[in-house]
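Enquirer: Here you go, one structure.
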Amino acid sequence: MICGSLNRWLSSIFATAILYKIVFMEKLQSNLFFPLAGVAAIASLASCAGKQKPAEQQPLNIVYIMTDDHTAQMMSCYDTRYMETPNLDRIAADGVRFTQSFVANSLSGPSRACMITGKHSCANKFYDNTTCVFDSSQQTFPKLLRKVGYQTALVGKWHLESLPSGFDYWQIVPGQGDYYNPDFITQDNDTIQKHGYITNLITDDALDWMENKRDKEKPFCLLIHHKAIHRNWMADTCNLALYEDKEFALPDNFFDDYNGREAAAAQEMSIVKDMDMIYDLKMLRPDKESRLKSLYESFIGRMDEGQRAAWDAFYGPVIDDFYQKNPQGKDLANWKFQRYMRDYMKTVKSLDDNVGRVLDYLEENGLLDNTLVVYTSDQGFYMGEHGWFDKRFMYEESMRTPLIMRLPKEFDRKGDITEMVQNIDYAPTFLELAGVKVPDDIQGVSLLPLLKGEKPAGWRRSLYYHFYEYPAEHMVKRHYGVRTDRYKLIHFYNDIDAWELYDLEKDPAEMHNVINDPAYSEVLADMQAELKKLQIQYNDTDFVK
Numbered sequence: 031m032i033c034g035s036l037n038r039w040l041s042s043i044f045a046t047a048i049l050y051k052i053v054f055m056e057k058l059q060s061n062l063f064f065p066l067a068g069v070a071a072i073a074s075l076a077s078c079a080g081k082q083k084p085a086e087q088q089p090l091n092i093v094y095i096m097t098d099d100h101t102a103q104m105m106s107c108y109d110t111r112y113m114e115t116p117n118l119d120r121i122a123a124d125g126v127r128f129t130q131s132f133v134a135n136s137l138s139g140p141s142r143a144c145m146i147t148g149k150h151s152c153a154n155k156f157y158d159n160t161t162c163v164f165d166s167s168q169q170t171f172p173k174l175l176r177k178v179g180y181q182t183a184l185v186g187k188w189h190l191e192s193l194p195s196g197f198d199y200w201q202i203v204p205g206q207g208d209y210y211n212p213d214f215i216t217q218d219n220d221t222i223q224k225h226g227y228i229t230n231l232i233t234d235d236a237l238d239w240m241e242n243k244r245d246k247e248k249p250f251c252l253l254i255h256h257k258a259i260h261r262n263w264m265a266d267t268c269n270l271a272l273y274e275d276k277e278f279a280l281p282d283n284f285f286d287d288y289n290g291r292e293a294a295a296a297q298e299m300s301i302v303k304d305m306d307m308i309y310d311l312k313m314l315r316p317d318k319e320s321r322l323k324s325l326y327e328s329f330i331g332r333m334d335e336g337q338r339a340a341w342d343a344f345y346g347p348v349i350d351d352f353y354q355k356n357p358q359g360k361d362l363a364n365w366k367f368q369r370y371m372r373d374y375m376k377t378v379k380s381l382d383d384n385v386g387r388v389l390d391y392l393e394e395n396g397l398l399d400n401t402l403v404v405y406t407s408d409q410g411f412y413m414g415e416h417g418w419f420d421k422r423f424m425y426e427e428s429m430r431t432p433l434i435m436r437l438p439k440e441f442d443r444k445g446d447i448t449e450m451v452q453n454i455d456y457a458p459t460f461l462e463l464a465g466v467k468v469p470d471d472i473q474g475v476s477l478l479p480l481l482k483g484e485k486p487a488g489w490r491r492s493l494y495y496h497f498y499e500y501p502a503e504h505m506v507k508r509h510y511g512v513r514t515d516r517y518k519l520i521h522f523y524n525d526i527d528a529w530e531l532y533d534l535e536k537d538p539a540e541m542h543n544v545i546n547d548p549a550y551s552e553v554l555a556d557m558q559a560e561l562k563k564l565q566i567q568y569n570d571t572d573f574v575k
């Protein structure tokens, strides 16, 4: 699979050749230049018959790109400490960046259910990844868009156990999917294997649908949902050697002792203790064992001869060096952190390149000015903060999620949007953008006023969060809570009864639980009242205290 700029250059040549061929043939047939089907934004090419509406009157397209476990720390439009993401930055530079963007349940399947329904987990009934199957018969925004004439498509990761519904076209990976030579489930319910790297293949399918499979006279909503950057961070072979010269400073709270935070102390997502040497860090050797060794071997077993040769050529010397030096204690902790950061970044690199392919296609085909392009992740992720990887907790690094949008031409808003938003807001936003009345049972709020530069009176002052998956991988306790601009209140429950209160202005790293501090007694009372109000508002009343 071709990587990076060469791939974009070839795509540009191909798209240009197709454009000239179509225009030339139409000129021969009619002696007139008619507009290309689907290039609704190019009003200057409208036919003399007047069949094409001016661009500003046409329905807007939606391209919604979502990744798995991509945290804002690893996007240079949010944070410049680690890596460059030039194509993601293009979206932010040409549009808006949400600086207070959050999820309602920091776990892949539940987050996706919240996104597609516009409802909290307590309403859409998909609580966790281990016990739930998404009820595909329920109302979703793609179904509502189809009713008003939109074409809808989903490519990539679904991760809701049931098969998709409400899409004119879909092709998904089973479960989490595989990075190399992955399987895909088609609409015919067949499972096919494709050759290549998954991020490239998902993008290939998305571009093919836009170019060859949709009705170009109709508006469309395309969901491009990637496996990347999910654990265990297996990079494309052309990116394996990247970032090896980089050394990263450990986060200040990497060796957190979790004092005063019982639930934080009980988790199993520590880089030092829980990150698997073989599965996560690729230190495979025949004489070494680990809990997840066989799973890792199944992943690399999917590779063809060339892929495996490239993989072994890179990791072989790393493995030999690691076992020869045999680091211990803090040296081992630092080694694991460096390896984790580099592998994660390499996986992001492929994602960023493929976002560039999508942006280039939209621009080259006259679609960019008539399309809302959204990029986000299903949640945030820990990059060593508190000594962790993974997500799940209501703490900032996992509750936050990146959200950037390139707006259609009729919107002139650019820069940062600082209001608090949540992933239940995406569905009503897409619906209102398409001119669809937002159903009363949708719990999210349309972001369209913010995209128009308005400052709506009475915008929400707090967010509700509820995580349900316990006991399960990483052993994060069940908890719910409320977050305002300054404070956060969390209740851990089930086999624990622990409350935590944080002053995010004074303690942004959430190291000091002030639940028992008399100086915060009034704040605590206000936060408890706000939590109860939200639980009643969202009908999560089984947990009202």
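Residue numbers for the sequence shown follow our numbering, so the first one is 31 and each next one is one higher.
Even for Gly, the Cβ is constructed at its ideal location relative to N, Cα and C.
Going by DSSP, which residues form a beta bridge with M435?
Expert: Against the sequence shown, residue 435 aligns to sequence position 405. Beta-bridge pairing links M435 to V126 and V404.
Enquirer: In the DSSP output, which residue or residues are listed as bridge partners for T221?
Expert: Residue mapping note: residue 221 aligns to position 191 of the sequence shown, counting from 1. Paired residue(s): I215.
Enquirer: Around the Cβ of D446, are there at least 16 other Cβ atoms within 10 angstroms (buried) or fewer (exposed)?
Expert: Against the sequence shown, residue 446 aligns to sequence position 416. Exposed: under 16 other Cβ atoms inside 10 Å.
Enquirer: How big is the Cα-Cα spacing for P89 and G465?
Expert: Locating residue 89 in the sequence shown gives position 59, where the first residue counts as 1. Locating residue 465 in the sequence shown gives position 435, where the first residue counts as 1. Each residue's alpha carbon lies about 8 Å from the other.
Enquirer: Within 8 Å, do at least three Cβ pairs link the stretch 408-425 to the stretch 127-136?
Expert: At 8 Å Cβ cutoff, the stretches touch.
Enquirer: Express the C-alpha separation of I308 and D458 in angstroms, rounding to a whole number.
Expert: Numbered from 1 along the sequence shown, position 428 holds the residue referred to as residue 458. Numbered from 1 along the sequence shown, position 278 holds the residue referred to as residue 308. Per the sequence shown, residue 458 should be read as Pro rather than Asp. Each residue's Cα considered, the two are about 43 Å apart.
Enquirer: Mind checking whether L478 and V512 have CB atoms under 8 Å apart?
Expert: The residue labelled residue 478 in the question sits at position 448 within the sequence shown. The residue labelled residue 512 in the question sits at position 482 within the sequence shown. No.
Enquirer: How is the beta strand (DSSP E) around I92 delimited, first residue to last?
Expert: As a position in the sequence shown, residue 92 is number 62, starting the count at 1. That run of the beta strand (DSSP E) goes N91 to T97.
Enquirer: Comparing C-alpha positions only, which one of E499, R261 and N524 sits nearest to H100?
Expert: Taking the sequence shown and counting its residues from 1, the one referred to as residue 100 is at position 70. Answer by Cα proximity: R261.
Enquirer: Note down, in chain order, each residue of its chain lying with its Cβ closer than 6 Å to the Cβ of K323, except the 5 sequence neighbours on either side.
Expert: The count along the sequence shown starts at 1 and reaches residue 323 at position 293. Here the set comprises I308.
Enquirer: So what does K518 bridge to, in DSSP terms?
Expert: The sequence position of residue 518 within the sequence shown is 488, counting from 1. DSSP, once it has assigned bridges, lists R513 and Y532 as partnering K518.
Enquirer: My guess is that P172 and G196 are in contact by the Cβ rule of under 8 Å, so how many angstroms apart are they, rounded?
Expert: For the purposes of this step, residue 172 is taken as the residue at position 142 of the sequence shown. For the purposes of this step, residue 196 is taken as the residue at position 166 of the sequence shown. About 4 Å; that satisfies the 8 Å criterion.
Enquirer: Assign G410 to buried or exposed, taking buried as 16 or more other Cβ atoms, counted over all protein chains shown, within 10 Å of its Cβ.
Expert: Looking up residue 410 in the sequence shown gives position 380. So G410 ends up on the buried side.
Enquirer: Once DSSP output is grouped into helix, strand and coil, what is the label at N569?
Expert: The sequence position of residue 569 within the sequence shown is 539, counting from 1. Of the three classes helix, strand and coil, the one that applies to N569 here is coil, per DSSP.
Enquirer: Can you give me the Cβ contacts of T129 inside the same chain, cut-off strictly under 6 Å, excluding the 5 residues immediately before and after it?
Expert: Position 99 of the sequence shown holds residue 129. Correct list, in chain order: D446 and T448.
Enquirer: Identify whether I447 lies in helix, strand or coil by the three-state DSSP scheme.
Expert: Working through the sequence shown from its first residue, we reach residue 447 at position 417. Here I447 sits in strand by DSSP.
Enquirer: Quick one: residues in its chain with C-beta nearer than 7 Å to the C-beta of R436, no 5 flanking neighbours on either side, listed in chain order?
Expert: Within the sequence shown, numbered from 1, the residue matching residue 436 stands at position 406. I121, D124, G125 and V403, listed in sequence order.
Enquirer: Restricting to Cα atoms, I'd like to know which of Y94, N91 and M104 is closest to E427.
Expert: Working through the sequence shown from its first residue, we reach residue 427 at position 397. It is M104.
Enquirer: My output table needs one value for I526: the three-state DSSP class, helix, strand or coil.
Expert: Stepping through the sequence shown from its first residue, residue 526 is reached at position 496. Three-state result, I526: coil.
Enquirer: In the DSSP output, which residue or residues are listed as bridge partners for H496?
Expert: Taking the sequence shown and counting its residues from 1, one reaches residue 496 at position 466. DSSP lists Y510 as partners of H496.
Enquirer: List the endpoints of the continuous alpha helix (DSSP H) containing A457.
Expert: As a working note, residue 457 is residue 427 in the sequence shown. Per DSSP, A457 belongs to the alpha helix (DSSP H) from Y456 to L463.
Enquirer: Identify whether Y309 lies in helix, strand or coil by the three-state DSSP scheme.
Expert: By 1-based counting over the sequence shown, the position of residue 309 is 279. It is coil, neither helix nor strand.
Enquirer: So, helix, strand or coil for I202, using DSSP?
Expert: Position 172 of the sequence shown holds residue 202. If DSSP states are grouped into helix, strand and coil, I202 belongs with the strands.
Enquirer: Give me the Cα-Cα distance between N117 and D382, rounded to the nearest whole angstrom.
Expert: Mapped onto the sequence shown, residue 117 falls at position 87. Mapped onto the sequence shown, residue 382 falls at position 352. Between N117 and D382, the C-alpha separation is close to 6 Å.
Enquirer: Look up L564 in the DSSP assignment and say whether it is helix, strand or coil.
Expert: Along the sequence shown, one-based indexing puts residue 564 at 534. Correct three-state label for L564: helix.
Enquirer: Output needed for T170: all residues of its chain with C-beta closer than 6 Å, excluding positions within five of it in sequence on either side, in chain order.
Expert: The residue labelled residue 170 in the question sits at position 140 within the sequence shown. Excluding positions up to five away in sequence, the list reads I146, T147 and G196.
Enquirer: Helix, strand or coil for K187? Go by DSSP, reduced to three states.
Expert: In the sequence shown, residue 187 corresponds to position 157, counting from 1. If DSSP states are grouped into helix, strand and coil, K187 belongs with the strands.
Enquirer: Taking contact to mean 3 or more Cβ pairs, one atom from each stretch, closer than 8 Å, check whether the stretch 346-365 and the stretch 303-317 are in contact.
Expert: Yes, since at least three Cβ pairs between the stretch 346-365 and the stretch 303-317 fall closer than 8 Å, the two stretches touch.
Enquirer: Determine the direct distance from the alpha carbon of R369 to that of K224, and round the result to whole angstroms.
Expert: In the sequence shown, residue 224 corresponds to position 194, counting from 1. In the sequence shown, residue 369 corresponds to position 339, counting from 1. When rounded, the distance between both Cα atoms is 29 Å.
Enquirer: Does DSSP classify I545 as helix, strand or coil?
Expert: Mapped onto the sequence shown, residue 545 falls at position 515. Looking at I545 - three-state DSSP - the assignment turns out to be coil, as it is neither helix nor strand.
Enquirer: Around the C-beta of F164, are 16 or more other C-beta atoms found within 10 angstroms, so that it is buried, or is it exposed?
Expert: As a working note, residue 164 is residue 134 in the sequence shown. Burial call: buried.
Enquirer: In this structure, how does DSSP classify A67 when only helix, strand and coil are distinguished?
Expert: Here residue 67 refers to the residue found at position 37 of the sequence shown. With a pLDDT of 31 at A67, under the threshold of 50, the modelled position of that residue is not reliable, and the figure given next carries that caveat. Three-state result, A67: coil.
Enquirer: So what does Q358 bridge to, in DSSP terms?
Expert: On the sequence shown, residue 358 is found 328 positions in, with the first residue counted as 1. DSSP lists no partner for Q358.
Enquirer: Quick one: measure Cβ to Cβ for P432 and S407, integer angstroms, because I've assumed they're closer than 8 Å.
Expert: The residue you call residue 432 lines up with position 402 of the sequence shown. The residue you call residue 407 lines up with position 377 of the sequence shown. Rounded, the Cβ-Cβ distance is 6 Å, consistent with contact.
Enquirer: Quick check on R369: does DSSP put it in helix, strand or coil?
Expert: Position 339 of the sequence shown, counted from the start, is the residue given in the question as residue 369. DSSP places R369 in helix when its eight states are reduced to three.
Enquirer: Classify H255 as helix, strand or coil using the three-state DSSP reduction.
Expert: Mapped onto the sequence shown, residue 255 falls at position 225. Strand, per DSSP.
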